[in-house]
Amino acid sequence: MSTMARSVGDPHLTHGLRAMTSRRVLVTGGAGFVGSHLVDALCAHGDDVVVVDDLSTGDRANVPDGVALRVVDISDGPALGRAIEGAHFDAVVHCAAKTKVVQSAEQPELYRRVIVDGTRNVVDAALATGARDLVNISTGGAIYGETPTCAHEDSPLSPVSPYGRFKAEAEAIVQRHGLRGISLRLGNAYGPRQRDDLEGGVISIFLGALRDGRPLTIFGDGSAERDYVYVGDVADAVLAALDASATGIYNIGTGVATSVNALVGLMRRVLGASPEVQHAPVRAGEIQRSCLDVSKAARDGLWRPRTTLEDGLGRTARSMHLG
Ligand SMILES: NC(=O)c1ccc[n+]([C@@H]2O[C@H](COP(=O)([O-])OP(=O)(O)OC[C@H]3O[C@@H](n4cnc5c(N)ncnc54)[C@H](O)[C@@H]3O)[C@@H](O)[C@H]2O)c1
15 MSTMARSVGD
25 PHLTHGLRAM
35 TSRRVLVTGG
45 AGFVGSHLVD
55 ALCAHGDDVV
65 VVDDLSTGDR
75 ANVPDGVALR
85 VVDISDGPAL
95 GRAIEGAHFD
105 AVVHCAAKTK
115 VVQSAEQPEL
125 YRRVIVDGTR
135 NVVDAALATG
145 ARDLVNISTG
155 GAIYGETPTC
165 AHEDSPLSPV
175 SPYGRFKAEA
185 EAIVQRHGLR
195 GISLRLGNAY
205 GPRQRDDLEG
215 GVISIFLGAL
225 RDGRPLTIFG
235 DGSAERDYVY
245 VGDVADAVLA
255 ALDASATGIY
265 NIGTGVATSV
275 NALVGLMRRV
285 LGASPEVQHA
295 PVRAGEIQRS
305 CLDVSKAARD
315 GLWRPRTTLE
325 DGLGRTARSM
335 HLG
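Using this note's numbering, read the sequence shown as starting at 15 and increasing by one per residue.
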């Protein structure tokens, strides 16, 4: 992995930002996929950003020039406290987490420590630095379980993995007195800089395979459906959440469920590719259908998705020198 920082400069990833006063913002997990796009969006707006990340899955190269990076494990409360000692922040965006459903069943204690204890430490750190707003990046895909119809925020939670259960606990922790806590439950985020090894999401993994001339591996028969949300739209949602007075839970997806087979078909059409496809058994802990009803965010004037899967796929492919 590269160790060079980079400059901010991908205008389509920071579209739709509204005029706001600049703030000092702490971003946990800002060297990761989603977090680094949030850092870009905040920097583009003129905010002063500090990143906290242990670089376990993130990359120093994802943190733009001029943004301070403190390498620290958020599950170590005293170390986190020392890393930001004396600093003042107006807001915290909490993105750091272990994120793999299957791995969470194999290493539940690690996931509990990072997601539950880590979130508690981040909330304590937010309060200690004077922050009043905390945006917590949560998950819709792993928290609702099967969603035959798109889940809304009041749908019952039925997480099938330790990852989903701990993310639900983390949501409860951010609703603490003294902070305006808002949790954004993301669908399946995709876009530039998502890892295309097994740590990544299906779109980046498929595009990586396409780039390298490898077959696409579909787990099961390809009928499993997900709600794919473009990372630039997620960044817009976080900026809107920082600027709003809303609290509680918001789904951030598209309301559209796309099957893996349909995704492969779209890749063929958008990229003119004809990939070889192979099948493997369904993985334990995977659900069949995940879809988020995003009407609450629209109704409250907070946010709505803007990027079609076709457009987002094209942008992501181009960032990987495909298409
Ligand atoms: N990518 C998605 O589709 C998706 C969907 C729903 C929710 N989310 C949530 O979005 C957030 C970011 O996920 P991502 O997909 O960008 O994954 P990612 O692995 O790219 O980002 C996570 C970041 O957190 C850092 N991190 C992990 N453990 C840490 C620790 N103990 N201390 C400090 N830093 C630590 C990693 O190094 C990495 O930079 C997570 O909270 C995840 O649960 C992601």
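Ideal Cβ placement from N, Cα and C applies to all residues, glycine included.
Is the beta carbon of residue i sitting closer than 7 Å to the one on residue j?
i, j, result
"L193", "Y264", "no"
"A156", "L171", "no"
"G205", "T330", "yes"
"V3", "S89", "Because the chain here runs from 15 to 337, residue 3 falls outside it and cannot be looked at."
"A260", "L316", "yes"
"T42", "C109", "yes"
"I219", "D210", "yes"
"V85", "V63", "no"
"N202", "R240", "yes"
"V252", "V107", "yes"
"L306", "G267", "yes"
"D87", "D61", "no"
"A139", "L83", "no"
"Y158", "S175", "no"
"A119", "G299", "yes"
"F180", "V130", "yes"
With a 10 Å radius around its C-beta and 16 neighbouring C-beta atoms as the bar for buried, classify residue i as buried or exposed.
i, result
"Q302", "exposed"
"P173", "buried"
"R374", "Beyond the ends of the chain as shown, which are 15 and 337, falls residue 374; an answer cannot be given."
"A186", "exposed"
"E324", "exposed"
"R92", "Here residue 92 is Pro; the residue named in the question, Arg, does not match the sequence. Exposed: under 16 other Cβ atoms inside 10 Å."
"H26", "Any reading at H26 must be qualified, since the residue scores a pLDDT of 37, below 50, and its modelled position is unreliable; no value is offered."
"T17", "Bear in mind that a pLDDT of 41 at T17, under 50, signals an unreliable position, so the model cannot answer this."
"D314", "exposed"
"D147", "buried"
"Q292", "exposed"
"R297", "exposed"
"V116", "exposed"
"R332", "exposed"
"H335", "exposed"
"S288", "exposed"
"R32", "Residue placement at R32 cannot be trusted, given a pLDDT of 41 that sits under 50; the coordinates are not used to answer."
"T231", "exposed"
"H191", "exposed"
"M15", "Residue placement at M15 is poorly supported in this model, since its pLDDT is 35, which falls under 50; the coordinates still yield a value, given next. So M15 counts as exposed."
"G279", "exposed"
"G195", "buried"
Could you name each continuous alpha helix (DSSP H) segment of 4 residues or more that falls completely within the stretch 274-326, going from the start of the chain to the end? If we require 4 residues or more, the alpha helix (DSSP H) runs fully inside the stretch 274-326 come out as 274-285, 309-313.
3-residue-minimum beta strand (DSSP E) runs that sit fully inside the stretch 72-144, ordered along the chain: Within the stretch 72-144, the complete beta strand (DSSP E) runs of at least 3 residues are 82-85, 105-108.
Flag this pair as touching only if the stretch 312-331 and the stretch 237-247 have three or more C-beta atom pairs under 8 Å; answer yes or no. Yes, the stretch 312-331 is in contact with the stretch 237-247.
Could I get the ranges of all uninterrupted beta strand (DSSP E) runs contained in the stretch 145-186, with 3 residues as the minimum, in chain order? For the stretch 145-186, whole beta strand (DSSP E) runs of length 3 or above, ordered along the chain, are 147-153.
The stretch 137-146 / the stretch 72-83 touching (three or more Cβ pairs under 8 Å): Here the stretch 137-146 makes no contact with the stretch 72-83; the two share fewer than three CB pairs at distances below 8 Å.
Of all the beta strand (DSSP E) runs that stay within the bounds of the stretch 192-221, which reach a length of 3 or more residues? Taking only runs of at least 3 residues, the beta strand (DSSP E) segments lying wholly in the stretch 192-221 are 194-200, 202-204.
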